[in-house]
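Working notes, beginning with the structure itself.
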Amino acid sequence: MGKFWSFVFFLVPVLGVGLFVVAMNFHSLPLLNHWFPEDVSASGHVIDQLFMTILVLTGVVFVATEVCLAFFLWRYDAKANRDPVRYMHGSHTLEVVWTVLPAATLFFIAIYQMNAWADAKIRQPKDAGVIVEVRGRQFEWRFRYPGPDGKFNTPDDIHWDTDLHVPVDEEVLVHLKSEDVLHSFFLPNMRVKQDAVPGMMIPVWFRPTKIGSWDLVCAELCGWGHYKMRGRITVQSRADFDAWLVEIANKQHATQADATATADAAKPAK
Amino acid sequence: MSITAEGFHAQEAVHAHGHAGLGKFIGTYVFSRDHKIIGIQFLFSTLLWFLIGGLLALGVRWQLAWPWSNDMPLVSKMFFAHTGGQISPEFYTMMFTMHATVMIFFVIIPILAGAFGNYLIPLMIGADDMAFPTLNMLSYWFMWPSFLCIIASFFVHGGAAAAGWTSYPTLAALQEASPGGHMGQTLWLLGVTFAGVASMLGSVNYMTTIIQMRAPGMTMFRLPLTIWAMFITAVLQAFALPVLTAAGFMQLLDRSVGTGFFLPDGATANNAPYATGGGQPLLWQHLFWFYSHPAVYIMILPAMGMVSDIIACFARKPIFGYKPMVYSIAGIAGLGFVVWGHHMFISGMNPYLGMTFMVATIMIALPSAIKVFNWLGTLWGGKIQFTTAMLFAVSFVSMFIIGGLSGIFMAATPIDIFIHDTYFIVAHFHYVLFAGTAMGVFGSIYFWFPKMFGRTMNEFWGKVHFLLTFMFLNGVFFPMHILGVVGFPRRLADPYQYETFHHLLGMNRFITYCAIGMVCSQSIFAINFIYSIFFGPVAGRNPWHANSLEWCCPSPPGHGNFDFQPIVYRGPYEYGSPEVQTDYYPQHQPPPEGAAPATERYMDG
Ligand SMILES: [Cu+2]
Ligand SMILES: [Cu+2]
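First to last, the protein sequences are chains A and L. As numbered in numbering that gives the first Met the number 0, the first sequence has no gaps in its residue numbers, which increase by one up to the final residue, 269. As numbered in numbering that gives the first Met the number 0, the second sequence has no gaps in its residue numbers, which increase by one up to the final residue, 604.
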């Protein structure tokens with residue numbers, strides 16, 4: 000039976016690597032499209048490449064250790080192995096080797112990806128083409144643009160709650176807030192994710208590189224309706240984006256005027 | 000305070016005068032102060048909760064495979080009649096919250112420390128019982144208020160807690176934020192606090208017992224790795240748990256009297272009045288993970304210890320690198336206190352702090368790697384016996400490699416941005432906790448069952464159970480890595496509404512089929528377990544020819560454990576020693592007359 004069991008354990012690296020190889024290489028085929036969603040941002044590829052680097056490094060260790068394990072099970076099966084047991088308490092040299100080598104590799108990984116992290120979360124861009132406030136609330140997203148004066152909390156702020164509009168090929172700076180509980184602002188195609196925390200304003204930035212419309216996912220549990228807190232991001236050319244802004248600004252003024260009118264009408268006549 | 004031979008007999012004499020009848024039964028089997036009975040009580044309770052937790056997981060899987068279906072076999076009509084047979088999103092949220100709560104607080108932690116810690120510590124160190132038997136009894140009975148709170152929470156208005164097992168404010172701290180946010184969440188906090196008290200009582204006891212009550216000759220470096228792991232786990236519990244308890248009380252106060260430790264100014268949800276606030280939601284996350292990250296190691300270190308003992312026994316070879324194994328357990332525990340921030344990389348925490356936590360987290364892979372290499376070293380050159388216990392132990396190693404390596408992806412902060420809160424992390428911690436710990440626990444049950452009940456479990460059905468569980472668990476958890484790479488988020492009742500994820504239904508169905516298979520295969524284990532207690536072949540004292548002290552006392556051991564005073568002459572891993580004819584050399588067996596003192600052998604001298 001030892002042969003059988005070592006074969007079972009040998010299947011682990013075979014099937015494990017197999018599944019990843021299929022997913023990685025055939026994701027353009029209709030039934031096998033199980034890999035990273037299309038990257039439409041300027042820096043998303045950095046994260047994808049880091050993932051691949053670590054996948055290769057860990058993959059090598061995975062295959063080496065699992066094959067070793069299966070081989071030992073096959074080779075040292077008590078039923079088949081005629082050699083005496085190696086009465087042995089360890090090896091100082093080996094311990095040093097398999098401490099220092101992984102330590103160096105792990106330290107390399109840690110240092111290697113710091114730059115990407117700094118670009119994503121620390122080095123806030125100075126040249127943002129558009130600033131937009133995104134607020135999560137149970138169970139929808141709300142957006143606010145500063146309007147012509149470029150400042151929030153002024154009468155010309157433009158409110159919107161259907162989808163997030165941004166111009167293509169410009170740095171987008173999001174001021175992320177929450178009105179009630181935790182939410183998470185997740186743009187799979189931009190490789191962006193950031194929790195929205197009540198009481199905090201957290202900056203998020205990315206640069207879309209393709210015109211189109213993609214999912215905006217809430218990725219932090221925010222209550223029973225978490226699953227339906229769906230949003231979209233619409234990436235437009237600069238001209239289309241500006242036109243859209245003007246259009247909804249006008250609509251908003253019209254409704255505001257209406258509202259004032261109704262409010263005036265509702266006032267009791269003196 | 001090691002027990003002496005006289006002390007041992009004096010105790011026997013006391014127990015000879017028992018009470019009669021029902022009082023005696025209750026004293027012996029219900030409110031028992033004997034560590035073995037308490038261990039078995041923990042074992043039965045946690046196995047029962049394992050079933051409940053597993054069924055909750057099946058509910059989650061059902062929804063993900065057939066969202067909003069109204070024809071779940073039996074279940075639809077029985078439990079979901081009021082929602083037209085469907086799982087409501089409210090109930091879905093409750094199910095994954097309670098699945099995690101049950102599995103973590105009622106299964107993994109108490110089965111490792113409560114069941115195996117209790118049962119094995121005195122036996123393996125050669126003591127007649129724990130240092131504080133009454134405290135030990137209380138540690139089990141404090142689980143019951145906890146059990147009752149959690150059971151009751153399903154029946155109160157609004158249902159059970161539905162804010163995730165992490166119970167993040169403000170969702171958890173604002174009564175109005177979720178349907179289970181009224182009584183259910185309060186009961187959840189109480190339940191977790193009681194479970195914490197139980198763990199605390201246990202850990203004080205374990206530390207004292209291991210330090211004070213070792214048999215003569217049992218030096219710290221002759222302890223089996225199981226005991227080392229239990230010891231370090233107890234230390235982790237003792238230092239980390241008070242933080243969770245304090246945080247739990249703070250959240251309780253936030254909810255009941257509006258203290259606002261975790262609520263910012265003007266916090267509100269669902270049109271409720273504004274809270275006064277003055278607090279910070281992130282504070283809870285820091286406090287919670289300050290406990291719950293070390294808790295991850297509380298949930299795996301004891302299994303690592305037990306697996307080491309099983310592997311050495313069935314490889315018939317000394318454990319490779321005993322001291323590095325001990326130091327790496329200590330290293331994991333030490334580093335484990337400074338990595339909690341890796342759960343918070345995208346929480347809004349200071350991103351510079353994220354870098355610090357990232358370095359510490361990546362480095363914690365090192366002691367884990369050292370352990371894996373040493374397990375492989377132990378198998379190398381042995382004479383491997385493929386018993387059921389050994390298969391489970393080896394699968395622990397094989398699966399822990401996957402769970403350990405996938406952790407590096409999350410530790411790398413930029414990658415975490417994408418895979419945080421996706422199924423990649425779900426895959427990762429299930430590889431550690433189910434494929435790792437639970438498989439280690441199964442192995443340990445098959446291994447120590449003869450000691451606990453005096454009979455052995457059926458090996459054939461044990462292997463069938465192993466093979467099915469092993470196949471199905473990989474079918475369930477391995478594809479989840481791929482789902483994570485697509486960005487498939489966790490905790491969504493219906494992820495297929497998103498364009499990015501709607502094509503993932505097929506893979507989710509496959510996972511659910513495997514999950515059903517996995518849960519069903521456990522019935523083989525249940526039948527084998529119950530049948531063997533009564534009808535299994537009688538085991539002698541030492542059915543596996545193992546070395547550690549528990550195998551030298553009767554199976555099952557009587558009150559006071561040993562029928563002679565064990566004296567320890569060597570470490571627990573002397574398999575294949577040239578000093579004796581047998582291929583094992585128990586710790587208590589005196590060396591042959593005139594033999595030279597044993598020396599350890601190393602490959603490089
Ligand atoms: Cu949400
Ligand atoms: Cu952690």
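Ideal Cβ placement from N, Cα and C applies to all residues, glycine included.
{"query": "Where Y572 of chain L falls, given that 16 or more other Cβ within 10 Å makes a residue buried", "result": "buried"}
{"query": "Local Cβ density within 10 Å of T133 of chain L, reported as buried at 16 or more and exposed below that", "result": "exposed"}
{"query": "Rounded straight-line distance, which links the Cα of F452 of chain L to that of I529 of chain L", "result": "11 angstroms"}
{"query": "Neighbour-count burial assignment, P166 of chain A, 16 or more Cβ in a 10 Å radius", "result": "buried"}
{"query": "Candidates L:V440, L:L467 and L:S554, of which the one nearest I108 of chain L by Cα", "result": "L:V440"}
{"query": "CB contact below 8 angstroms: Q137 of chain A versus chain L", "result": "yes"}
{"query": "Strand pairing of W48 of chain L, partner residues [DSSP]", "result": "According to DSSP, W48 of chain L bridges with nothing at all."}
{"query": "Continuous beta strand (DSSP E) stretch holding F385 of chain L: start and end", "result": "Where F385 of chain L is concerned, there is no enclosing beta strand (DSSP E), given that its DSSP letter is neither H nor E."}
{"query": "Integer-rounded CB distance, given that D493 of chain L should sit under 8 angstroms from P66 of chain L", "result": "5 angstroms"}
{"query": "Closer than 7 angstroms at the beta carbon, the chain A residues around N269 of chain L", "result": "Q137"}
{"query": "Reduced DSSP category for F141 of chain L - H, G, I as helix; E, B as strand; rest coil", "result": "coil"}
{"query": "Environment of A256 of chain A [buried if 16+ CB atoms lie within 10 Å]", "result": "exposed"}
{"query": "CB contact check: I103 of chain L to chain A, cutoff 8 angstroms", "result": "no"}
{"query": "Cβ contact check for the stretch 236-254 of chain A and the stretch 111-121 of chain L: 3 or more pairs under 8 angstroms", "result": "no"}
{"query": "Alpha-carbon to alpha-carbon, G265 of chain L and G278 of chain L", "result": "10 angstroms"}
{"query": "C-beta neighbour in chain A for K647 of chain L, strict 8 angstroms", "result": "Outside the displayed range of chain L (0 to 604) lies residue 647 of chain L, so it cannot be described from this structure."}
{"query": "Cβ-heavy atom distance, V242 of chain L to ligand 2, below 7 angstroms", "result": "no"}
{"query": "The stretch 196-211 of chain L in contact with the stretch 85-102 of chain L per 3-pair CB rule at 8 angstroms", "result": "no"}
{"query": "G135 of chain A, DSSP secondary structure in three states", "result": "strand"}
{"query": "Amino acids of chain A, ordered along the chain, whose beta-carbon sits closer than 8 angstroms to that of D582 of chain L", "result": "V84"}
{"query": "Chain-order list of residues whose beta-carbon lies under 6 angstroms from that of H182 of chain A (same chain, five-residue window excluded)", "result": "G135, A195, C217, E219 and C221"}
{"query": "Per DSSP, cross-strand counterpart(s) of V165 of chain A", "result": "A:V234"}
{"query": "C-alpha distance - W140 of chain L paired with H285 of chain L, whole-angstrom precision", "result": "30 angstroms"}
{"query": "Three or more C-beta pairs below 8 angstroms linking the stretch 50-69 of chain A and the stretch 86-94 of chain A", "result": "no"}
{"query": "Residue-level contact to chain A via CB, Q669 of chain L, 8 angstroms cutoff", "result": "Nothing can be reported for residue 669 of chain L, as the shown portion of chain L is limited to 0 through 604."}
{"query": "Beta-carbon proximity list for S1 of chain L, same chain, < 7 angstroms, skipping 5 on both sides", "result": "Its pLDDT being 42, under 50, S1 of chain L is placed unreliably in this model, and the value from its coordinates should be taken loosely. Counting only Cβ-Cβ distances below 7 angstroms, and skipping sequence neighbours, we find M212, R213, A214 and P215."}
{"query": "Interface residues of chain A facing M206 of chain L [CB-CB closer than 7 angstroms]", "result": "Residues of chain A passing the Cβ test: none, with the nearest at roughly 28 angstroms."}
{"query": "CA nearest to the CA of Y430 of chain L, picked from L:S443, L:F399, L:I444 and L:T412", "result": "L:F399"}
{"query": "Neighbour flag for P488 of chain L against chain A, beta carbons, 8 angstroms", "result": "yes"}
{"query": "Check whether V106 of chain L and F49 of chain L have beta carbons under 8 angstroms apart", "result": "yes"}
{"query": "C-beta neighbour in chain L for K120 of chain A, strict 8 angstroms", "result": "yes"}
{"query": "Cβ separation of M136 of chain L and F30 of chain L, assumed to be a contact under 8 angstroms, to the nearest whole Å", "result": "6 angstroms"}
{"query": "Which of helix, strand or coil DSSP assigns to D415 of chain L", "result": "helix"}
{"query": "Residues that G20 of chain L bridges to, as DSSP identifies them", "result": "For G20 of chain L, which the question treats as bridged, DSSP gives no partner whatsoever."}
{"query": "Beta strand (DSSP E) segment containing C217 of chain A, residue limits", "result": "G211 to C217"}
{"query": "Close beta carbons around M113 of chain A, own chain, < 8 angstroms, minus the five adjacent residues each side", "result": "none"}
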